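First comes the structure, then the notes that go with it.
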Ligand SMILES: C[S@@+](CC[C@H](N)C(=O)[O-])C[C@H]1O[C@@H](n2cnc3c(N)ncnc32)[C@H](O)[C@@H]1O
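Numbering (the working numbering), first residue to last: 1195 to 1511.
Here it is as structure tokens:
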């Protein structure tokens, strides 16, 4: 059995424990397969595979889990820094290949997950999300740790969500993340449609249970709402419903939901609302929202979109 602790990766211990438990809850003979988007070096994959194996021996010759990842990134981009740091940590640098101006880390994943790919219980699918197709008829568990924006989540919704059944589980790993505004909004529409419900939260992960069929019609309806809604308004509903729930480390993860609204206010020039998002995010950890003088000055700069001259010129042109 592969030890997830030995695999450098990005998910926290509490998320690893939950993925293990979710894997262990699956009866591989009765339930559908497991699909993961965003495996990286395989830490999260190993947690789920260990859970599957602890419930029943993985002697099946059919894949029980499909691991999707592009396994590559730009050699001079931000993500390459993580790849290099993690491969150094695991002393597997020689397995990261340079291909033109990109680096590919599939061999690292193969190295760590080799027992499961060899016995056929785990299948690797090297693909961009836009090129990914569902390889099975029924899905019991999805761990979604790749799309950062709705346009890519929509592809997964279209091709994979209709294969989920009542009782299936979806883990949205990037839910409590300050860049995830459109992801939070799409999940909010799924929650409001009553097709999923929240089970628990762990670090930045939102764990949900499927309670009704997620049909293509419903997904198209949500897409229309995504096109016509102002994202911060939907995020506000998500925040309001979340504050009454038990959230893992709320002082760390709830402020991120407030921050996730900022890009949408910023791009529409609503700097006063940007300032309020920052106040709300900082205020989650305070009894009252009195800030120190430096924070007050910074809030003033937010309110002008960091461009007092531009605002002044507008007033006095
Ligand atoms: C945050 S990492 C996943 C961390 C991993 N679950 C772990 O346990 O360490 C995100 C992964 O998603 C992949 N990814 C991001 N965008 C993608 C896309 N559009 N298509 C395919 N893979 C993508 C990246 O290559 C990366 O390996």
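Just so it is clear, CB atoms sit at the ideal spot from N, CA and C, and this is done for glycine as well. Model, not experiment: these values are computed from the prediction.
{"Check": "Using 10 angstroms around the beta-carbon of residue 1237, count the other beta-carbons present and answer buried if the total reaches 16, otherwise exposed.", "Outcome": "buried"}
{"Check": "Under 8 Å by Cβ, that's how I've got residue 1258 and residue 1315 pegged, so tell me the actual separation to the nearest angstrom.", "Outcome": "5 Å"}
{"Check": "Whole angstroms is fine: what's the gap from residue 1431's alpha carbon to residue 1301's?", "Outcome": "43 Å"}
{"Check": "Identify the residues that DSSP records as bridge partners of residue 1263: which are they?", "Outcome": "1320"}
{"Check": "Closer than 8 Å is the cut-off here; do at least three beta carbon pairs connect the segment 1223-1239 with the segment 1260-1273?", "Outcome": "yes"}
{"Check": "Is residue 1440 buried or exposed, if buried means 16 or more other CB atoms sit within 10 Å of its CB?", "Outcome": "exposed"}
{"Check": "Return helix, strand or coil for residue 1310, following the three-state DSSP convention.", "Outcome": "helix"}
{"Check": "Output the boundary residues of the beta strand (DSSP E) element that contains residue 1390.", "Outcome": "1390-1396"}
{"Check": "Would the beta-carbon of residue 1310 fall within 8 Å of that of residue 1286?", "Outcome": "no"}
{"Check": "Can we count residue 1259 as close to ligand 1, meaning its CB is less than 7 Å from some heavy atom?", "Outcome": "no"}
{"Check": "Do you know how far the Cα of residue 1364 is from the Cα of residue 1216?", "Outcome": "10 Å"}
{"Check": "Compare the Cα-Cα distances from residue 1374 to each of 1392, 1341, 1412 and report the closest residue.", "Outcome": "1341"}
{"Check": "Excluding five sequence neighbours on each side, which residues of the same chain lie with their C-beta closer than 7 Å to the C-beta of residue 1413?", "Outcome": "1351, 1352, 1355"}
{"Check": "Mind the definition here: the segment 1438-1454 touches the segment 1462-1469 only if three or more C-beta pairs lie below 8 Å; say whether that holds.", "Outcome": "no"}
{"Check": "At the level of alpha carbons, what is the spacing between residue 1250 and residue 1225?", "Outcome": "13 Å"}
{"Check": "Give the DSSP-derived three-state secondary structure of residue 1258 in the structure shown.", "Outcome": "coil"}
{"Check": "Beta-carbon within less than 6 Å of residue 1345's beta-carbon, same chain only, minus the 5 sequence neighbours each way: which residues are those?", "Outcome": "none"}
{"Check": "Pick out whichever of 1327, 1339, 1275, 1256 has its Cα sitting closest to the Cα of residue 1313.", "Outcome": "1256"}
{"Check": "In or out: residue 1209 buried (at least 16 other Cβ within 10 Å) or exposed?", "Outcome": "buried"}
{"Check": "Extract the residue ranges of the beta strand (DSSP E) inside the segment 1396-1452, only unbroken runs of 3 or more that lie entirely within it.", "Outcome": "1399-1404"}
{"Check": "By how many angstroms is the C-alpha of residue 1500 removed from the C-alpha of residue 1343?", "Outcome": "26 Å"}
{"Check": "Which residue wins for smallest C-alpha separation from residue 1239, given the options 1457, 1510, 1456, 1213?", "Outcome": "1213"}
{"Check": "By how many angstroms is the C-alpha of residue 1379 removed from the C-alpha of residue 1368?", "Outcome": "12 Å"}
{"Check": "Quick one: grab the DSSP three-state call for residue 1376.", "Outcome": "helix"}
{"Check": "Do residue 1297 and residue 1267 count as a contact pair if the criterion is CB distance below 8 Å?", "Outcome": "yes"}
{"Check": "For a quick check, are the C-beta atoms of residue 1416 and residue 1396 less than 8 Å apart?", "Outcome": "no"}
{"Check": "Around the C-beta of residue 1348, are 16 or more other C-beta atoms found within 10 angstroms, so that it is buried, or is it exposed?", "Outcome": "buried"}
{"Check": "Below 8 Å between beta carbons: does that hold for residue 1400 and residue 1381?", "Outcome": "yes"}
{"Check": "Tell me whether the beta-carbon of residue 1371 lies closer than 8 Å to the beta-carbon of residue 1338.", "Outcome": "no"}
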